[in-house]
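Sequence lines, in order, name chains A and B. Here the first sequence is numbered in the working numbering, starting from 126 and rising by one per residue. Here the second sequence is numbered in the working numbering, starting from 126 and rising by one per residue.
Number of protein chains: 2
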Amino acid sequence: ANRSQAFGNRGMTLEADINATNTYYRDINKANIHKKPTPVQVVNVHYPRRSAAVITEGYFKQPSTTDYNGVYRGRHIDFEAKETKNKTRFPLANIHGHQIEHMKSITKHGGICFLIIRFSVYKETYYIPAETFFPFWDEQFNNGKKSIPYETIRCKGYRIPFHYQARVDFLAIIDQLYF
Amino acid sequence: ANRSQAFGNRGMTLEADINATNTYYRDINKANIHKKPTPVQVVNVHYPRRSAAVITEGYFKQPSTTDYNGVYRGRHIDFEAKETKNKTRFPLANIHGHQIEHMKSITKHGGICFLIIRFSVYKETYYIPAETFFPFWDEQFNNGKKSIPYETIRCKGYRIPFHYQARVDFLAIIDQLYF
Ligand SMILES: [Mg+2]
Ligand SMILES: [Mg+2]
Numbered sequence: 126a127n128r129s130q131a132f133g134n135r136g137m138t139l140e141a142d143i144n145a146t147n148t149y150y151r152d153i154n155k156a157n158i159h160k161k162p163t164p165v166q167v168v169n170v171h172y173p174r175r176s177a178a179v180i181t182e183g184y185f186k187q188p189s190t191t192d193y194n195g196v197y198r199g200r201h202i203d204f205e206a207k208e209t210k211n212k213t214r215f216p217l218a219n220i221h222g223h224q225i226e227h228m229k230s231i232t233k234h235g236g237i238c239f240l241i242i243r244f245s246v247y248k249e250t251y252y253i254p255a256e257t258f259f260p261f262w263d264e265q266f267n268n269g270k271k272s273i274p275y276e277t278i279r280c281k282g283y284r285i286p287f288h289y290q291a292r293v294d295f296l297a298i299i300d301q302l303y304f
Numbered sequence: 126a127n128r129s130q131a132f133g134n135r136g137m138t139l140e141a142d143i144n145a146t147n148t149y150y151r152d153i154n155k156a157n158i159h160k161k162p163t164p165v166q167v168v169n170v171h172y173p174r175r176s177a178a179v180i181t182e183g184y185f186k187q188p189s190t191t192d193y194n195g196v197y198r199g200r201h202i203d204f205e206a207k208e209t210k211n212k213t214r215f216p217l218a219n220i221h222g223h224q225i226e227h228m229k230s231i232t233k234h235g236g237i238c239f240l241i242i243r244f245s246v247y248k249e250t251y252y253i254p255a256e257t258f259f260p261f262w263d264e265q266f267n268n269g270k271k272s273i274p275y276e277t278i279r280c281k282g283y284r285i286p287f288h289y290q291a292r293v294d295f296l297a298i299i300d301q302l303y304f
């Protein structure tokens, strides 16, 4: 059977935490970083006489870039965020190939590019520089593993501190790595 | 009566030209700049058994930022594009207040921020630095004009060259102003 359901807050905790953090960063004029809107292919629109246009047929499109970008201390910031329930590894299938191509391009043009990976079971959130991530990604096509072990992420990544307002305070890591 | 219509290419010439330019810039690895997706508030989604989820109720949201951003030569790029059929002036009502707030924030954080304004009657496209635009915007609330004269835009802005592949070659102006 088909089902139709209301769409909205579906408990995307990491996303909610990052959005709150970005709002805080903007409020205190620390950085200007936004989540990009989810791309929707609009097929049909209904225009009622007295109210707003209603999209009556649309489809979610695969994002061709990452979820977040913006500017901090003059530098371009670009990142993707992923949460996993896995206890022992981060499966590379969570990321799409065109997102990696995008991240390689951003890195090449001098942007600060990274992944935020949360192991939800441990409530631990890590900053992985894109340059650190790429070799793991590329190796999977060369008989490499299809995932990155949790221990490797602990070792090669940077644990992102939690603060009351900056719930995923990734700029603390960027300050440390780039300034 | 209500009307329902197919949605798609509605002859947004400046937008199409900028999208083609950005695709070209990415193809030749010159810059990575994208149009942000139009924000849609998704209210209802239908999940057919064997095919993709269909958005059956959604609304266009007012964008709170600008339309385009990305990275070029290590710098964060952020701009808004507007086309007018007006022959003598650019009406400030074409821009929203929250977009100006966003542009002021981007400028403050060290991004390269500007407007692209096309006078479609003259087929002329201008690059206006955000810093040049702000005083005109702010003055309107201080008994100033509600528009910028065409002659002022000719004088204070930079005419963007047209090339076959870079149809709105705004990076040529950025090279001139910043590098
Ligand atoms: Mg994503
Ligand atoms: Mg716009």
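From the three backbone atoms N, C-alpha and C, an ideal C-beta is built for every residue, glycine too. Quantities reported herein were computed from a predicted structural model and do not represent experimental measurements.
Taking every protein chain shown into account, the CB of HIS223/A has fewer than 16 other CB atoms within 10 angstroms, so this residue is exposed.
Under the three-state reduction of DSSP, HIS227/A is assigned to helix. With respect to VAL165/B, HIS171/B sits apart: the two C-beta atoms are not nearer than 7 Å. Within the region 222–295 of chain B, the runs of beta strand (DSSP E) at least 3 residues long that lie entirely inside it are, in chain order, 237–244, 249–254, 272–274.
Around the beta-carbon of GLU276/B, fewer than 16 other beta-carbon atoms lie within 10 Å, marking it exposed. Membership of ILE158/B in the beta strand (DSSP E) is indicated by the continuous run 157–160.
Listed along the chain, the chain B residues whose CB falls inside 8 Å of the CB of PRO274/A amount to none; the nearest CB is some 31 Å away. Within chain B, no residue has its CB atom less than 8 Å from the CB of ALA291/A, the nearest being about 16 Å off. Look at ASN157/B: its C-beta is under 7 Å from a C-beta on chain A. Against chain A, the CB of SER245/B has no partner CB under 7 Å away; the residue lies outside that interface. DSSP places ILE143/B within a helical segment (H, G or I) once states are collapsed to three. What TYR184/B touches in chain A, judged by beta-carbon distance under 9 Å, is ALA177, ALA178, VAL179, ILE180, going in chain order.
At least 7 Å separates the CB of HIS223/A from every CB of chain B.
In this structure, GLU208/A keeps its C-beta atom at 7 Å or more from the C-beta atom of ARG151/A. As DSSP reads the structure, ILE180/B sits in a beta bridge with GLY183/A, VAL170/B. The beta-carbon of PRO162/A is placed less than 7 Å from the nearest beta-carbon of chain B.
Contact between HIS159/A and THR191/B does not hold, since the beta-carbon distance rounds to 10 Å and is not under 8 Å. Within the region 184–206 of chain A, TYR184, PHE185, LYS186, PRO188, SER189, THR190, ASN194, GLY195, VAL196, TYR197, ARG198, GLY199, ARG200, HIS201, ILE202, ASP203 place their CB atoms closer than 9 Å to a CB of chain B, listed in sequence order. Any Cβ of chain B closer than 7 Å to the Cβ of ILE298/A would place that residue at the interface, and such an atom is absent. A check of alpha carbon separations from ASN157/B across GLY235/A, ARG174/A, SER245/A, HIS221/A identifies GLY235/A as the nearest. At a beta-carbon threshold of 9 Å, the residues of chain B lying near ILE231/A are ASN157, GLY195, VAL196, ordered along the chain. Judged by DSSP in its simplified three-state form, ASN219/B adopts helix.
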